[in-house]
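The numbering used here numbers the first residue of the sequence shown as 1 and each following residue consecutively. Even glycine gets a Cβ: it sits at the ideal position worked out from N, Cα and C.
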Amino acid sequence: MSRRVVITGIGVVSPLGNAPDKVWEALDSRQSGVRELKSVPADAFPTRYGAEARDFTGAIEDFGPLDKTMARTIKKNLKVMCREMQLGIAAAQLALAHAQYPLATANRDRVGCVYGSDYMLTLPQEFTQAIRNCLNEQGQFEFRHWGEKGLPAVEPLWLLKYLPNLPASHIAIFNDLRGPNNSLTMREASSNLAIAEAAMTIARGH
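If you want it as structure tokens, here you go:
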């Protein structure tokens with residue numbers, strides 16, 4: 001017998017707004033989210049235009065309605081999250097709030113998280129000093145110095161900011177979700193595949 005699977009909540013962080021109704025209104029009025037880029041230098045790309053989620057600043061208020069304990073926990077962990085990770089976690093928290101899911105009384109062993117991720121890009125400044133430490137007098141990078149002079153200049157928690165499976169981990173830990181947990185990293189197809197994987201997991205009875 002097939003098990004019916006439905007979507008009960010939607011979390012959105014986008015160039016058109018951070019709420020489903022705002023995004024729908026923008027689409028309905030044929031509004032574009034593409035504008036002149038503000039988050040990168042004007043000469044960084046061949047074009048000066050792109051779609052940025054400008055309303056998302058990374059402030060704790062951007063993660064939706066949270067109780068004090070949850071807000072404190074997320075805020076404490078922001079230092080080990082790149083922007084892409086913050087966007088995904090905010091969307092998940094907004095979806096839970098939108099669904100009004102009763103986590104307090106739910107069997108959390110049967111509540112899980114499937115997360116679809118694209119690239120999480122390291123900021124150049126994360127490695128600037130480390131690379132400088134390995135340059136010779138001609139300005140050429142010498143890899144043989146990396147272990148002794150380069151790596152010690154890299155922030156110890158650097159890798160934790162960019163691992164594509166960590167958003168699902170954070171979401172599960174923050175909300176004490178002890179059910180199935182998976183991360184799919186297939187570029188632009190990741191989100192659709194994550195929805196399909198979640199639906200099949202529910203349909204199987206997990």
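Opening and closing residue of the alpha helix (DSSP H) in which residue i lies
i, result
"residue 169", "166-175"
"residue 84", "83-99"
"residue 76", "68-77"
"residue 20", "20-28"
"residue 197", "190-203"
"residue 54", "Per DSSP, residue 54 belongs to no alpha helix (DSSP H) and is neither H nor E."
Closest residue to residue i among the options (Cα-Cα distance)
i, options, result
"residue 58", "44, 88, 124, 45", "88"
"residue 105", "200, 177, 10", "177"
"residue 185", "179, 167, 199", "167"
"residue 21", "86, 67, 120, 94", "94"
"residue 179", "44, 155, 107, 91", "107"
"residue 83", "103, 68, 56", "56"
"residue 122", "71, 85, 189, 70", "85"
Residue range of the beta strand (DSSP E) that includes residue i
i, result
"residue 50", "49-51"
"residue 183", "181-184"
"residue 116", "113-116"
"residue 36", "34-36"
Whether residue i touches residue j by CB criterion (8 angstroms)
i, j, result
"residue 18", "residue 62", "yes"
"residue 54", "residue 38", "yes"
"residue 5", "residue 202", "yes"
"residue 12", "residue 23", "yes"
"residue 46", "residue 97", "no"
"residue 205", "residue 101", "no"
May I ask you to verify whether the stretch 59-76 touches the stretch 119-132, counting CB pairs closer than 8 angstroms and requiring at least 3?
Put simply, the stretch 59-76 does not touch the stretch 119-132. Fewer than three CB pairs are less than 8 angstroms apart.
Touching or not, the stretch 109-118 and the stretch 160-172, by the rule of three or more beta carbon pairs under 8 angstroms?
Yes, since at least three Cβ pairs between the stretch 109-118 and the stretch 160-172 fall closer than 8 angstroms, the two stretches touch.
With a threshold of 8 angstroms, are at least 3 pairs of Cβ atoms found where one atom belongs to the stretch 8-16 and the other to the stretch 25-45?
The stretch 8-16 vs the stretch 25-45: in contact.
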